[in-house]
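First residue of the sequence shown: 1, per UniProt numbering; consecutive thereafter.
The C-beta atom is built at its ideal place from N, Cα and C for all residues, glycine as well.
It should be emphasised that the depicted structure is a prediction, and the values quoted were computed from it without experimental measurement.
One structure is given below, encoded as structure tokens.
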Amino acid sequence: MNVKGKVAVVTGSSKGIGLETVKILLEKGMKVAGWSRGATDISHPDFIHFPTDIGSWESVQRSYEQTVAHFKSPVQVLVNNAGLGYTGGIETMPVQEWTEMFNVNVHGIFYTSRLVVPEMKKLDEGHIINISSIAGTNGIEFMSGYCGTKHAVRGISHSMYKELRNFGIKVTCIYPGSVNTNFFDKIDSVTANENMMRPQDIAETIAHVLDSHGNYHHVDIEVRPLRPKGKPTR
């Protein structure tokens, strides 16, 4: 896709992967709307932030309407990056935390995609990128809720790509391993560190996927740090 001048929405834009994705898409000449609960610290003539609770249908609708009105153009790229994770045993995890993960990580992808797809179909072009996790390919003890949401992202993405490919719309699911972001602030058993991938690495992967030939479709991309425990001592 020739992305220059086209409109992109990046969810979870205030930090980490989302923030780095906004930066790289602006560098490529796109017009970008950041949707997140926290402010996105970027000042650029082609960027605007709309406070958004991705787990709320009403909030997502409002941000979509504001985005289209602001740029006077449909959304042609959607990066579903917003997500969060909590740990806990299946019998001890608070119901509120379980529900919040599914609202943001799963329902949010439905809300955003439901809004952008009709115009993408009219344009016969579009790209939706969903950020899952390697937790979406296996199970992890004391992370059943988070793994459940990321398995859902995988299933939704695979169904979407088959449903939308004949309308010229690509759907790509990316499964990162550990990334050095604030995600681990809520995970007591893991501390973010320099052996993890950088958020800009994932953003660069997103940019690469968007640049691909129109008939070349990345469906699944799994990425991991080369040495997650650092270089071994000899």
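Around the CB of V95, fewer than 16 other CB atoms lie within 10 Å, so the residue is classed as exposed. Rounded to the nearest whole angstrom, the C-alpha separation of E119 and Q66 is 15 Å. Positions of the alpha helix (DSSP H) runs, each at least 4 residues long and wholly inside the segment 30-82, are given as 57-71 in order along the chain.
Here N193 carries a coil assignment [DSSP, helix/strand/coil]. Here the C-alpha atom of I134 lies approximately 18 Å from the C-alpha atom of V171.
I48 and P232 have their alpha carbons spaced roughly 44 Å apart. Note: H127 is bridge-paired with V77 and K170 in the DSSP secondary-structure output. Counting every other CB atom within 10 Å of its CB across the protein chains shown gives S132 a total of 16 or more, marking it as buried. A Cβ-Cβ contact shorter than 8 Å links N130 with C173. Around the beta carbon of E20, 16 or more other beta carbons sit within 10 angstroms, so the residue counts as buried. Taking 8 Å as the cut-off, the beta carbon of G55 is found no closer than this to the beta carbon of V117. Around the beta carbon of L78, 16 or more other beta carbons lie within 10 angstroms, which makes this residue buried. Looking at the backbone, the Cα of V9 and that of P199 are separated by about 17 Å.
CA-to-CA, the gap between H213 and I169 works out to about 13 Å. In this structure, M1 lies away from H208, with their beta-carbon atoms at least 8 Å apart.
Under the DSSP assignment, E222 falls in the beta strand (DSSP E) whose first and last residues are D220 to V223. With contacts defined by Cβ atoms closer than 8 Å, K15 and N182 form a contacting pair. Approximately 41 Å separates the beta-carbon atoms of Q76 and E141; this is outside 8 Å, ruling out the contact.
Less than 8 Å divides the Cβ of T149 from the Cβ of V106. Its Cα nearest to that of G108, the residue S63 stands out among E91, S63 and K72. Around the Cβ of L25, a 10 Å sphere holds 16 or more other Cβ atoms; the residue is buried. When the five nearest sequence neighbours on each side are left out, the beta carbons in the same chain lying within less than 8 Å of the beta carbon of K6 are those of M30, K31, S73, Q76 and V77, in order along the chain. According to the DSSP assignment, V95 belongs to the alpha helix (DSSP H) that extends over V95 to F102.
P228 counts as exposed, since fewer than 16 other C-beta atoms from the protein chains shown sit within 10 angstroms of its C-beta.
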